[in-house]
Amino acid sequence: MVKNSKYLARTSLAVMGIGFIATLPFEHSNPFLGLLQGGFEAGIVGGLADWFAVTALFRHPLGIPIPHTSLLSKNRKRITKALVSTIENDWLSKESIVNKLKNIQLT
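The numbering of the sequence shown is numbering that gives the first Met the number 0, which starts it at 0 and goes up by one.
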């Protein structure tokens, strides 16, 4: 699944890049082509921004130690403890389950 997602992301980014380059010679000849070129350009910018954001959560993009990147790997233990605490104390506590069962209306 991950390989398919990476393939799809790279392919769509490549299509946006090729489309942008293909419309460059015609951008002023037809207003529709200028609009189409803007769509391709937006696709490139959005795709690169998404790639950077997702990559920055897990590691340093392009291997450059930019501040506030690689957040999940740096804080893995703290995040895991917080998730376990939330699930155990808020979602699956006896009080929480009893309250949810009381609020169920079977009619």
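For each residue, glycine too, the CB sits at the ideal point set by N, CA and C.
Hey, out of the options, whose CA is closest to residue i's CA?
i: Ser72; options: Thr54, Glu26 and Asp89; result: Thr54
My understanding is that residue i touches residue j, with C-beta atoms under 8 angstroms, so please give their C-beta distance in whole angstroms.
i: Arg58; j: Ser69; result: 5 angstroms
i: Phe19; j: Gln36; result: 6 angstroms
Would a C-beta distance cut-off of 8 angstroms place residue i and residue j closer than the cut-off?
i: Leu32; j: Glu26; result: yes
i: Met15; j: Gly46; result: yes
Given that a residue counts as buried once 16 or more other Cβ atoms are within 10 Å of its Cβ, and exposed if not, what is residue i?
i: Thr22; result: buried
Give the secondary structure of residue i by DSSP, where H, G and I count as helix, E and B as strand, and everything else as coil.
i: Glu26; result: coil
i: Asn88; result: helix
i: Pro64; result: coil
i: Ser11; result: helix
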